[in-house]
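Encoded as structure tokens, the structure appears first; notes follow it.
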Amino acid sequence: MAKVLLNDCSPDASQKLTNVLKDSAEVIVEPFSEQREITDFNLVILYSNNGDDQNILRKIKNLHFRTKFRNIPILLVKDKSEYFSDQPYFNFGVSEFMALDEPEPIFNQILQGYLNPGRQPLDRELIYLSPFIESTKQVLSKMASMEAEFRGVYFKNSLRVLGDVSGVIGLSGTTEGTVIITFLWNLAQRVIANIMDVKQNEINAEMIHDGVGEIINMISGSAKKSLLEASYDFQLSIPTIIVGWGHEVGHPENATIAVLTFDVGDQAFVLHVSLTQK
Amino acid sequence: MENTKTDILLISISKELVDFVAGVLENEGYCVHKASSMRDALTAIDLSPVGLILCGIELEDISGEQFLSYLKKDPKRESIPFIFLLSTESQKELSPKRAIEIGAENFIFFPTEGPVVVSCIKDFLKPPLKAQPADSSSINKDSKDSQANITRSGLTESGQVQNNERRTEKRERFDVPIPVEISRDCKTWINGFILNRSKSSAMIETSLRRRYGEDIFIREPKDETGTTVAGSVVHVLLGDESKQIGFGVVFRKNNGVPWQSFSEHMMDKTRRQAILPIRRDFFPIAAEVSRDGVFWIDAQITGCDVMSASLKTSILAKPKDIMIVKFERHGIKNIVNGKIKKVELDQKELLAIIELDFAEDEGWLKLYTHFAVIAGPELSDKEKKDKIQQKPQYKVIKAESAEDLNIKKNDAVALIQKSAPRKPESKNKRFYLSLIGRKMDNYEVVSFISAGGMGGVFKGWDTALERDVALKVISWELSSQEEFVKMFLKEARFVSKLNHPNIAQIYYIGNANGIMYYAMEFIHGQTLADLLKSNTHFKVPQIINYLKTLCSALEFVWKNDIIHRDIKPANIMVTNSDELKLVDFGVAKLDKKSDVQEENKIVGSPLYLSPEAIRNQGVDNRSDIYSLGATFYHLLAGTPPFYDDSCSNILIKQLNEPVPSLKKKAPELPDILCDTIEKMMAKRCEERFQNYQEIIDCLNNCSFS
């Protein structure tokens, strides 16, 4: 049975959500805690009805940080619909923003939608994902002397970068798409320090640019060679390095967005791969 | 390319309008052909050197919009400039915006005066050889309102001069556009830029919307002394996507400050401003930056001079790399390349602070002027301090918080537009998005394909049988109605038994935690709706074959006591091997009396819905015949039989209006085909074909088949 964590819920919200979820999930109601381990949950619902948006955004970011990039959707629930200002919530990492005053059937169905188990990659998807998995592990190992452990793959409905440092590379040709590697700041510093052979406190903008750029370039370049044999032919664009949280990258509506998660020790990073063949 | 044809074709059913416009143009020496129907108009185009079409919104046999659409599909005629003749009343049927969107070069609003009409058409046609000067005295006598005064001073007195002047008088273009303020009433002032000028006219880029002949006033930015230059609009400047981004103005000689001295003064002032030292005190101005021209990220220009700029952004880069800066204003995209001089990383804010050098891109000067104007005058130290105290310091480059959003709302309009709240997704769309990457029973939801009224369609994978499937998830609105669920389950069972080469087979009907869906055959191809959108040209024999194939498939469906109820182009797929597949039996019903009470709701797509379905009078195979007829009418004519922006108006037309003649819309079609389609769409069921075999028999007699 799926496990759902309800954070900060009012009695009314808690009752409504529990009623909706009781048949399909084990529900745990708790106040928000920055230390709570959440990687064993299938869904986290954060309730908020106060106007302190900064506090909500801080909590969303913290929850996302604690998911370690795993497939754990974070839903934000408020009492009333509030479309005008919902964009920041998405930028900070919520998968959906819902209101208790929405029609019950849609409220229930969206919840059920996120509770359905994540799908496994198809064989034909593994054909192009496997080279990226292998090349990521190899590049981290060779360049940064770090062992990256592949944790799994899941599929998302948006190409939103939720991390501190990301390298983006565009693919064009008979196969088109985007590959993005995203690190949280601490791991990015460690990786770059190892690649550049400097101390973490000596890292500057140029090193981050060169280090992350080189990583995404090598991962994509190495995967390109393997994929050519599988009829995926593409050219690589210049890597773009972005810093900061919540950037959304455009993609075709019917493209599959695969999220490959990796662990390095107790830290995680993620590789987004979205490919479409013309 | 210069328009070498000289004649004007004037088409409208309004005799009064035709007489007025023709009188004005013939008085100017133009050769004018008049028509009131599409047929006459096409004849005139074929027989005469028509170089410009002026068209009302309604013709005898077709609407002006449909006529334009027809012309734009005809390679021989699509290049003839087309101007709509509109009125305030006709705006409800065709707005100026829509007119431009569908391909008209311009529009003229009536009632108006002769010189306005003449000035509009002069942009598209050479002046006639026997041009006669307009009789300014008669207009002066007749015109009393302000609009007439504008025309009198702006066009009549200098109208002929303007026309010649555009060809002979030298225009001066500026590297750095001159910032000014524009107003229609001297009360509300909007920013604008003079792009070029002559002795008596100028081209101005602005977001203020004005039409031909209308009054405008120009002043120096923030000049409250009442000093203005007055003029009249003579051209509209269109930008990307045909948006109005400015206009050409002719200035009056005897009203306000002389244009020449004003423009000289503004040029001097701008040149002086252009050598200002670097200004570090800009309140951040929103732009976008990219390394490769593909992936763009928001940036904040925090200071600039004529050669360089400093900005904050999330993109990291190295010194000597090229960074592309994009700034959009009034619909015009300005893109410049700068060489990176210096990069610093603000590790706390996670932002890059970049210095760019634009010495090698002259386009920077224009952007610089934009930024200088937006940033306003340089602040004194005290003003800077006050400003910092008044408003929170700008922290991050994106609207990542509500507080941040509010700051930008007040101070950076361009960014707010970009960071505006996401367009609320429809509730259904949000529901469909929640399913991507999930699993429902044995089916994996691979990617989203499309959403319709009945539900969302996904590409799926059957893990048990290892094959592609199309998954149709029923919309939450329908699946929450108990009656619908009962009917859907019962009738879907019957539909799943249909086994026909032209029907997409249903494999499974499921309910995953209350989410109703069915899995069906996945078809590699496109729908007829997709093909219509991409203007695919169908040959008549091919269409007849399609129609016969579908008749045969629907005959099979009907013989199995099923009515599809949603025949439309989007539910007919053409496979990659050019076979047809009828899809989506989501609202199909049993032809026999169902024990489930019929819901009191219109089911189907309004554009193709039969009158009896709209009246909820009970449907049978003849309702599907009507929808099939409407679908093929759309395919053959290029437009649906009845169209309106409002859904209810479409339904009213379906009920009451006779089907517009297909032969008139597509004269090249064989008569028998047109008659067949029109009979399929008869308002009364009894007057339609009673079964599909009758249609096939009828088409077999068609000489094209």
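For the record, the sequence lines run as chains A and B.
Here the first sequence is numbered in numbering that gives the first Met the number 0, starting from 0 and rising by one per residue.
Here the second sequence is numbered in numbering that gives the first Met the number 0, starting from 0 and rising by one per residue.
Even glycine gets a Cβ: it sits at the ideal position worked out from N, Cα and C.
Runs of the alpha helix (DSSP H) lying entirely within the region 430–513 of chain B, each at least 4 residues long, are 475–478, 481–494 in chain order. Under the DSSP assignment, Thr-526/B falls outside any alpha helix (DSSP H), being part of the beta strand (DSSP E) whose first and last residues are 524–526.
The three-state secondary structure of Cys-697/B, taken from DSSP, is helix.
Around Phe-154/A, the beta-carbon contacts reaching into chain B at under 7 angstroms are Ile-435, Gly-436. At least 9 angstroms separates the CB of Asn-575/B from every CB of chain A.
Residues of chain B whose Cβ lies closer than 9 angstroms to the Cβ of Ile-180/A do not exist; the shortest such Cβ separation is about 14 angstroms.
DSSP lists Gly-169/A, Ser-273/A as the bridge partner or partners of Thr-177/A. Assignment of Phe-64/A by DSSP, reduced to helix, strand and coil, places it in the helix class. Cβ atoms of Ser-9/A and Asn-54/A stay farther apart than 8 angstroms, at about 16 angstroms. Chain B places no beta carbon closer than 9 angstroms to that of Tyr-231/A, leaving this residue out of the contacts. Lys-198/B is the residue among Leu-589/B, Lys-198/B, Val-288/B whose C-alpha sits nearest the C-alpha of Ser-260/B. In this structure, the beta-carbon distance from Val-256/B to Gly-245/B does not fall below 9 angstroms. In the DSSP annotation of this structure, Ser-289/B is not part of any alpha helix (DSSP H); the continuous beta strand (DSSP E) holding it starts and ends at 284–289. By the 16-neighbour rule on beta-carbons within 10 angstroms, His-536/B is exposed.
Look at the region 172–199 of chain A: it has no residue with a C-beta under 7 angstroms from a C-beta of chain B. Where Leu-114/A is concerned, the enclosing alpha helix (DSSP H) starts and stops at 103–114. Along the region 312–325 of chain B, going in chain order, the ones with a CB nearer than 8 angstroms to a CB of chain A are Ser-313, Ile-314, Leu-315, Ala-316, Lys-317, Pro-318. Taking all protein chains in view, the Cβ of Leu-634/B is crowded by 16 or more other Cβ atoms within 10 Å, so the residue is classified as buried. The Cβ of Glu-101/A sits closer than 9 angstroms to at least one Cβ of chain B.
Among the residues of chain A, none has a CB under 9 angstroms from the CB of Val-335/B; the nearest is roughly 18 angstroms distant.
Taking a Cβ-Cβ threshold of 7 angstroms, the residues of chain B close to Arg-118/A are Gly-436, Arg-437, Lys-438, Glu-443, Val-444, in chain order. Between Ile-52/B and Leu-8/B, the gap from beta carbon to beta carbon is short of 9 angstroms.
Here DSSP, grouped into helix, strand and coil, assigns Lys-224/A to helix.
The C-alpha of Val-93/A is placed about 10 angstroms away from the C-alpha of Val-76/A. Cβ atoms of Gln-616/B and Val-573/B stay farther apart than 8 angstroms, at about 33 angstroms. Counting along the chain, Ser-94/A sits inside no alpha helix (DSSP H), nor does DSSP assign it H or E at all. Of all C-beta pairs linking the region 192–205 of chain A to the region 263–274 of chain A, fewer than three are shorter than 8 angstroms, placing the two stretches out of contact. For the pair Gly-455/B and Lys-438/B, the CB atoms are not nearer than the 9 angstroms cut-off. DSSP places Thr-227/B in the coil class of the three-state scheme, outside both helix and strand. A distance below 7 angstroms between beta-carbons, with the five flanking residues on each side excluded, links Gln-111/A to the following residues of its chain, in chain order: Ser-23. Scanning chain A for C-beta atoms nearer than 7 angstroms to the C-beta of Asp-291/B yields Gly-169, Ser-236, Ile-237, Thr-239, reported in chain order. If you check the CB distance, Asn-427/B and Trp-475/B come in under 9 angstroms. CA-to-CA, the gap between Gly-220/A and Leu-235/A works out to about 8 angstroms. At a Cβ-Cβ threshold of 9 angstroms, Asp-440/B and Gly-337/B do not count as neighbours.
Among the residues of chain A, those whose CB is under 7 angstroms from the CB of Ser-479/B are Pro-104, following chain order. Taking C-alpha positions only, Asn-700/B is separated from Asp-18/B by approximately 47 angstroms.
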